[in-house]
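S.K.:
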Amino acid sequence: MSMTSEPRRVGWAQGGCLLALGLAAFGLAAEAGANTSNGYNLPLGVTSLSRDIYTLHMEIFWVCVAIAVVVFGVMIFALVKFRHSQGAIADTTLVHSTRVEIIWTIIPVVILVVMAIPAAKVILMMEDTRNSELSIRVTAYQWKWQYQYMDAGEGINFFSTLARDSNFARELRSGIDPKSVPNYLLEVDHPMVIPSGTKVRLLLTSQDVIHAWWVPDFGAKRSAVPGFVNELWFRVDPGKEGIYRGQCTSLCGRDHGFMPIVVDVRTPDDFKKWVEAQKAAAKPAVAQVVANQ
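Those letters in the sequence shown? Residues 3 to 295, by the numbering used here.
#1: Count Cβ pairs between the segment 129 to 147 and the segment 198 to 215 that sit closer than 8 Å; are there 3 or more?
#2: Going by the beta-carbon positions, is the gap between Q209 and Y143 smaller than 9 Å?
#3: May I ask you to list the residues that DSSP assigns as paired with L187?
#4: For T251, which option in E243, I263, K242 has the closest C-alpha, if you only look at C-alpha atoms?
#5: Does the distance from the CB of I196 to the CB of D130 come in under 9 Å?
#6: Is DSSP giving H213 helix, strand or coil here?
#7: How far does the beta strand (DSSP E) with R268 in it reach, from first residue to last?
#8: So V48 packs on K242, CB below 8 Å; how close in whole Å?
#9: Cβ atoms of M261 and K181: under 9 Å apart, would you say?
#10: Starting from C147, trace the beta strand (DSSP E) in both directions and tell me its first and last residue.
#11: Pick out whichever of S87, I245, L206 has its Cα sitting closest to the Cα of F230.
#12: Kindly identify the DSSP beta-bridge partner or partners of I245.
#13: Distance, Cα to Cα, I158 vs F74?
#14: If you count every other CB in all the chains shown that lies within 10 Å of the CB of C254, and 16 or more means buried, which is it?
#15: Let me know if R2 comes out buried or exposed under the rule of 16 or more other beta-carbons within 10 Å of its beta-carbon.
#16: So what's R10 in DSSP terms, helix, strand or just coil?
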């Protein structure tokens with residue numbers, strides 16, 4: 003066949019290859035979206051906020067997958083159909099097309115608007131700290147957290163630092179195998195305790211440098227900035243009581259990796275008992291301070 007003859011159509015075998023590539027791309031994407039426990043995807047979480055974030059993430063993910071399949075599908079089709087070996091000849095008369103310019107500008111704008119609507123809804127919900135039932139002031143230090151309770155926990159105030167066994171094991175030439183330490187670098191001496199089914203508001207600030215309070219299962223992350231007070235909220239679902247862990251996610255200094263966050267979620271009744279026990283334990287200390295004055 004001469005190079006000047008009409009290009010041949012893509013055969014069934016070539017079309018089948020394109021179809022197989024598209025199906026493979028969809029299959030891989032589906033597998034990545036279904037497997038949420040392998041560390042490659044966001045956790046579903048235990049709060050309504052985290053579930054909304056996860057849903058938004060998956061919606062945007064599938065939009066991106068669809069765009070990728072269309073774009074790469076067209077590219078692969080063009081490369082296969084109009085390849086040189088099949089007699090394709092470059093078009094040297096191609097001119098500017100205003101209609102094409104308008105179309106490929108409008109389509110991305112429409113896609114972005116469609117994606118922005120659910121994203122704006124989730125962002126507004128994340129910022130809505132109204133009607134909170136428990137407020138806790140969280141102050142970050144190098145390298146620990148201070149929790150000061152308000153509302154039902156008024157008067158409770160403590161620091162939360164890295165657990166002693168993790169602190170010993172992290173030291174150079176400690177002789178301690180980190181694998182032998184439970185929850186290595188993710189355990190603290192005093193966890194933050196909250197009730198389930200309650201809208202909890204955190205007021206975040208810092209005493210030194212910028213830190214960040216983050217618990218993945220809550221879908222909650224916010225910076226603690228010196229001189230400013232930032233807010234975030236979450237409500238852990240009833241029946242999801244337990245221990246949840248996070249970390250400071252801002253590079254706050256040489257011991258940044260040793261500033262874990264542990265939240266102990268209890269039932270409302272157990273939380274009330276904990277509050278009563280904390281207040282009862284604090285009374286002798288307050289009385290001693292008053293007596294020494």
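Glycine residues also receive a C-beta, built at the ideal position from the N, C-alpha and C atoms.
M.R.: So, from the listed chains and residues:
#1: yes
#2: Numbered from its first residue, the sequence shown carries residue 209 at position 207. Numbered from its first residue, the sequence shown carries residue 143 at position 141. Against a cut-off of 9 Å, the Cβ pair of Y143 and Q209 comes out as a contact.
#3: Mapped onto the sequence shown, residue 187 falls at position 185. L187 is not bridged to any residue.
#4: Within the sequence shown, residue 251 is the residue found at index 249, counting from 1. If we check each option's Cα against that of T251, I263 comes out closest.
#5: Counting from 1 along the sequence shown, the entry for residue 196 is found at position 194. Counting from 1 along the sequence shown, the entry for residue 130 is found at position 128. Contact: no.
#6: Taking the first residue of the sequence shown as 1, we reach residue 213 at position 211. In the structure shown, H213 sits in a strand (DSSP, three-state: E or B).
#7: Along the sequence shown, read from residue 1 onward, the residue named residue 268 stands at position 266. Segment 262 to 268, the beta strand (DSSP E) holding R268.
#8: Translated into the one-based positions of the sequence shown, residue 48 becomes position 46. Translated into the one-based positions of the sequence shown, residue 242 becomes position 240. Contact flag correct, Cβ pair sits at about 4 Å.
#9: Here residue 181 refers to the residue found at position 179 when the sequence shown is read from its first residue. Here residue 261 refers to the residue found at position 259 when the sequence shown is read from its first residue. Contact flag unset, no.
#10: In the sequence shown, residue 147 corresponds to position 145, counting from 1. The amino acid occupying residue 147 in the given sequence is Trp; Cys does not appear at that position. That run of the beta strand (DSSP E) goes 146 to 151.
#11: In the sequence shown, counting from the first residue as 1, residue 230 sits at position 228. Checked all of S87, I245, L206; the closest Cα to F230 is L206.
#12: Counted from its first residue, the sequence shown places residue 245 at position 243. DSSP output for I245 lists D266 as bridge partner(s).
#13: For the purposes of this step, residue 158 is taken as the residue at position 156 of the sequence shown. For the purposes of this step, residue 74 is taken as the residue at position 72 of the sequence shown. Near 58 Å, if we compare the C-alpha coordinates of F74 and I158.
#14: Taking the first residue of the sequence shown as position 1, residue 254 is located at position 252. Buried: at least 16 other Cβ atoms inside 10 Å.
#15: Residue coverage of the chain in this structure runs from 3 to 295, which leaves residue 2 outside it and unanswerable.
#16: Taking the first residue of the sequence shown as position 1, residue 10 is located at position 8. Annotation note: pLDDT 37 at R10 (below 50); position unreliable, no value reported.
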